[in-house]
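Heads up: the structure comes next, in structure tokens.
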Amino acid sequence: MKSLLAEFKEFINRGNVIDMAVGIIIGAAFTAIVTSLTDDIINPLIKLITGGAGTDVAGLTIPVPGTENGIDFGAFISAIINFLIVAWVAFMIVKAFNKMKDGTAKLPFLKNAKGEEVIEHAPTCPFCLEEINVGATRCPHCTAELPAPAEVTIEIVKK
């Protein structure tokens, strides 16, 4: 069993920390854009529709004795709109990334001297058909001994 420290080192060395940091920075910048959209465009539209004036959205703020602002449903609705927009965009980015990641294994990425497309396929175990590492002599999934060290197979697509 790995220690927590060893797992953390492995996590950092895989580059996930950098990916996560970039995601957080982009998410924060995008959240600022969405907040501006709701504060500067959507809230004024709500004020226009409800006939509000000033900083409060008319009819959406309930004064509470002893408090300065009361219950501000307009701010709550803005927060919900912010969340939905950010969540939708994050969903679309993850979906596009996963589609790109899945699609790259199927796309030809090399051409030979004749201009024909060349596709490299990762080696697979002939027994369990799971992907294995190049040069492996035993399958890590089913533990079967391979007849020869695993090699990349090359397919030439002729047009």
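The opening position of the sequence shown corresponds to residue 38 in the working numbering, with each subsequent residue numbered one higher. Using N, Cα and C, we set each Cβ at its ideal position, and we do this for glycine too. Owing to the predicted nature of the structure, the values given are computational and were not obtained by experimental measurement.
Where P1 and A66 are concerned, what is the direct C-alpha to C-alpha distance, given to the nearest angstrom? The structure shown does not extend to residue 1, since the chain spans only 38 to 196, so no value can be given for it.
DSSP three-state call for E105: helix, strand or coil? coil
Leaving out five residues before and five after V71 in sequence, what residues of the same chain have Cβ atoms less than 6 Å from its Cβ? N119, I122, V123
Sub-7 Å separation of I169 and C179 beta-carbons: no
Three-state secondary structure (DSSP) of V189: coil
By Cβ distance, which residues of its chain are closer than 6 Å to I63, with the 5 residues on each side in sequence left out? none
Grouping DSSP H, G and I as helix and E and B as strand, with all else coil, what is V171? coil
Work out the CA separation of K136 and A69 for me, nearest whole Å. 27 Å
Determine, using beta carbons only, whether I130 and V155 come nearer to each other than 7 Å. no
Heavy atom of the ligand ATP less than 6 Å from the Cβ of E153, yes or no? Among the components of this structure there are no ligands whatsoever, and the ligand ATP is therefore not found.
Whole angstroms is fine: what's the gap from K84's alpha carbon to K132's? 35 Å
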